[in-house]
Amino acid sequence: GIQVEQSPPDLILQEGANSTLRCNFSDSVNNLQWFHQNPWGQLINLFYIPSGTKQNGRLSATTVATERYSLLYISSSQTTDSGVYFCAVVKNNNNDMRFGAGTRLTVKP
Amino acid sequence: DGGITQSPKYLFRKEGQNVTLSCEQNLNHDAMYWYRQDPGQGLRLIYYSQIVNDFQKGDIAEGYSVSREKKESFPLTVTSAQKNPTAFYLCASSLGGDTQYFGPGTRLTVL
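Protein chains in written order, with the working numbering: chain A, 48 to 156; chain B, 27 to 137.
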């Protein structure tokens, strides 16, 4: 099946810093999503981005489908950005979503 | 409010017991999913259903069963055959193959 690799596994930032999270996938995909999992376990949708670039406030994402990677940018990080960020992909429109292992982000005040 | 609800939030089970986790959505989504998350890991797909009365196994279906009798509901039963059921269980729904939206999860602990 399709492999999803996220890097780095852990990231510690000072409040106000910028960061880039990466997601590599092993095959072509029809769907790619970025999620933020808060400390209570809730998964929050950040972006649905099988290709192209999107921005939402301090967050933006870019997926280069032909090169099989996606990047999530967090600018001016805040302590509330802490948590685990997951990339997940779907191949062939079969609704079988595969998750990466996540990047654990800690933003210190 | 529209959304996905899961109950209970916490569930404790004795070894050898079956338990059923509830998932309900009022988003009018066709597809629903169950995932399992172990500590420090990503989510793994247990089962998914694209329409009523139909469902498919995911990667880790052994020891689990589901039903989809109504569009709004997709309950998951963790059977006694599941060797290591302690985990965080997340339900999701989507309109076709579009964005998946997740419920708040159920933490299951086997005593």
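All C-beta atoms, glycine included, are put in the ideal place defined by N, C-alpha and C. Given the structure is predicted, the values throughout are model-derived calculations rather than measurements.
Practice task
Report yes if the C-beta distance between A/TYR120 and A/THR110 is below 9 angstroms; otherwise report no.
Solution key: no
Practice task
Evaluate the contact criterion for the segment 62 to 70 of chain A versus the segment 114 to 128 of chain A: three or more CB pairs, one atom per stretch, below 8 angstroms.
Solution key: They touch, by the three-pair rule.
Handout entry: Closer than 9 angstroms to chain A by CB, B/ASP80
Key = no
Problem - Separation of A/PRO156 from B/GLY22, as counted between CA atoms - result: Lying outside 27 to 137, the shown extent of chain B, residue 22 of chain B is not represented and no answer is given.
Problem - A/ASP74: contacting residues in chain B (beta-carbon distance under 8 angstroms) - result: What A/ASP74 touches in chain B: nothing, since even the nearest Cβ is about 16 angstroms away.
Practice task
Give the DSSP-derived three-state secondary structure of A/ASP128 in the structure shown.
Solution key: A/ASP128 carries a helical assignment under DSSP once its states are collapsed to helix, strand and coil.
Handout entry: Proximity to A/ILE91 [Cα-Cα], best of A/ARG69, A/ASP74, A/TYR132, A/SER75
Key = A/TYR132
Exercise for the section: Please work out which residues of its chain come closer than 8 angstroms, Cβ to Cβ, to A/ASN77, disregarding the five sequence neighbours upstream and downstream, and give them in chain order. Expected result: Its chain contains PRO97, VAL137, LYS138, ASN139, ASN140 as the residues whose beta carbon lies nearer than 8 angstroms to that of A/ASN77, once the 5 sequence neighbours on both sides are disregarded; these appear in chain order.
Practice task
Output the boundary residues of the beta strand (DSSP E) element that contains A/SER66.
Solution key: 66 to 72
Exercise for the section: Step through the CB atoms of chain B and report whether any lies within less than 9 angstroms of the CB of A/ASN185. Expected result: Past the boundaries of the shown model lies residue 185 of chain A; chain A is included only from 48 to 156, so the question cannot be answered.
Exercise for the section: Consult DSSP for A/GLU114 and reduce its assignment to one of helix, strand or coil. Expected result: helix
Exercise for the section: Determine the chain A residues that contact B/GLN67 at a beta-carbon separation under 7 angstroms, and present them in chain order. Expected result: ALA148
Exercise for the section: Run the proximity test for B/GLY68: is its beta-carbon closer than 8 angstroms to any non-hydrogen atom belonging to the ligand GTP? Expected result: Ligands displayed in this structure: none; no statement on the ligand GTP is therefore possible.
Problem - B/ALA57 to B/GLU98 span [Cα, whole Å] - result: 10 angstroms
Exercise for the section: For A/GLN80, decide whether its Cβ has a neighbour in chain B, counting only Cβ atoms nearer than 9 angstroms. Expected result: yes
Handout entry: Residue interval of the beta strand (DSSP E) (run including B/ARG94)
Key = Note, B/ARG94: premise wrong, no beta strand (DSSP E); not H, not E.
Practice task
Measure from the alpha carbon of B/ASN79 to the alpha carbon of each residue in B/TRP60, B/THR46, B/PHE100, B/TYR61, then state which is nearest.
Solution key: Per the Cα distances, B/PHE100.
Handout entry: Proximity to B/ARG70 [Cα-Cα], best of B/SER119, B/GLU95, B/PHE114
Key = B/PHE114
Practice task
Measure how close the beta-carbons of B/GLN138 and A/ALA148 come, nearest whole angstrom, since I'm counting them as under 8 angstroms.
Solution key: Because chain B in this structure spans residues 27 to 137, residue 138 of chain B falls outside the shown range and cannot be described.
Handout entry: Proximity of B/GLY29 and A/GLY88 at Cβ, strictly below 9 angstroms
Key = no
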